[in-house]
Amino acid sequence: MDGQNNITGVEMEGGRIFYGKKVVVATTLNSAKQLLKPLFKDHPWFQPMFELPMMSAATLQMELIKPALPKDITTFGPRTSLISFAEQSRSTFRHVPGRLSIIMSNPERFLEMTPEETLQVVIKDAKLLGMDFEEDIIDYRQINHYDDFHSLEPGYHWMRPEQVTPVDGLLLAGDYTMQPYFATMEGAVVSGQKAARAILSSEKR
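Going by the numbering used here, the residue at position 88 of the sequence shown is 1376; the numbering climbs one at a time, nothing skipped.
Written out as structure tokens, the structure reads:
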């Protein structure tokens, strides 16, 4: 940051500095807060973003000997631990015969569990949804995301920041920023595209 409070580059942890006309902070909300609060803790534009609540997530990823579902689409499991899940062996993970990715409901409960304990809950609840893949599991892993997403509870949407900030040279990207999607990879991509378009537009002026 220069004497006029404009962003002019990025300093790495080891002290190396990369200079540039524009800097895009493309991170999760939690990381963005850690990076920007020391610089802009009193800046009014950033206050809603700094106060935007965060939530954690727990996911279970399984490789199977065959697809768990007939189609690769996102499906929801109401009243079970599987808040949403998708077979992905025909799309994202074509190198495996079966791939089931699951986002767990009530993540705080599963953050305290071992992967083995989580798997047993998933197997039991999956049977309630008509899926029985217990004998088809090749491998599995639990991935926990602590404070990784912005809160999806009602009343917080307005606190999501735009990609273009009032600080010259600084832009934001991440699924928490203002764009049509919520906490998804698609939202992160769209936010990056919006930040890139803003940079290209500013260069034409």
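Cβ atoms here follow ideal geometry from the backbone N, Cα and C, with glycine treated the same way.
With residue i as the anchor, note down where its beta strand (DSSP E) starts and where it stops.
{"i": "leucine 1459", "result": "1458-1461"}
{"i": "leucine 1370", "result": "1370-1375"}
{"i": "phenylalanine 1364", "result": "1362-1364"}
Could you check if residue i is buried or exposed, using at least 16 other CB atoms within 10 Å of its CB as the buried criterion?
{"i": "leucine 1459", "result": "buried"}
{"i": "threonine 1463", "result": "Reading the sequence as shown, one finds aspartate at residue 1463 and not threonine. Label assigned to aspartate 1463: buried."}
{"i": "proline 1249", "result": "The structure shown has nothing for residue 1249, since the chain only spans 1289 to 1493."}
{"i": "methionine 1472", "result": "Sequence inspection shows threonine at residue 1472; the methionine mentioned does not correspond to that position. Counting Cβ neighbours within 10 Å, threonine 1472 comes out exposed, since fewer than 16 surround it."}
{"i": "threonine 1362", "result": "exposed"}
{"i": "serine 1379", "result": "exposed"}
{"i": "glycine 1303", "result": "exposed"}
{"i": "methionine 1350", "result": "buried"}
{"i": "threonine 1406", "result": "buried"}
{"i": "glutamine 1322", "result": "exposed"}
Per DSSP, residue i is paired with what?
{"i": "arginine 1387", "result": "Glu1351"}
{"i": "histidine 1438", "result": "Met1342"}
{"i": "glycine 1297", "result": "Tyr1307"}
{"i": "glutamine 1430", "result": "Leu1348"}
{"i": "alanine 1240", "result": "In the structure displayed, the chain extends from 1289 to 1493; residue 1240 sits before or after that span and is not available."}
{"i": "valine 1455", "result": "None, per the DSSP bridge assignment."}
{"i": "methionine 1392", "result": "Leu1370"}
Got a sec, what are the start and stop residues for the alpha helix (DSSP H) residue i sits in?
{"i": "aspartate 1413", "result": "1403-1416"}
{"i": "leucine 1323", "result": "1317-1328"}
{"i": "serine 1489", "result": "1473-1492"}
{"i": "glutamate 1396", "result": "1395-1399"}
Residue i and residue j look like a contact to me (Cβ under 8 Å); what is the Cβ gap, rounded to whole Å?
{"i": "isoleucine 1305", "j": "aspartate 1456", "result": "At roughly 18 Å, the Cβ-Cβ gap does not stay under 8 Å, so isoleucine 1305 and aspartate 1456 are not in contact."}
{"i": "aspartate 1413", "j": "leucine 1370", "result": "6 Å"}
{"i": "isoleucine 1390", "j": "phenylalanine 1373", "result": "4 Å"}
{"i": "glycine 1475", "j": "glutamine 1467", "result": "6 Å"}
Taking 7 Å as the cut-off, does the CB of residue i come closer than this to any heavy atom belonging to the ligand FAD?
{"i": "phenylalanine 1421", "result": "With respect to the ligand FAD, the structure shown offers nothing to examine, as it has no ligands at all."}
* To do: Kindly confirm or deny that the region 1347-1361 and the region 1439-1450 touch, where touching means at least three C-beta pairs closer than 8 Å.
  => no
* Asked: Are there three or more Cβ pairs, one per stretch, closer than 8 Å when the region 1405-1425 is compared with the region 1384-1396?
  -> yes
* Asked: Would the region 1426-1434 and the region 1443-1450 be scored as touching if the rule is three or more Cβ pairs under 8 Å?
  -> no
* Stretch-stretch touch, CB-based, cutoff 8 Å, three pairs: the region 1333-1345 with the region 1315-1322 -> yes
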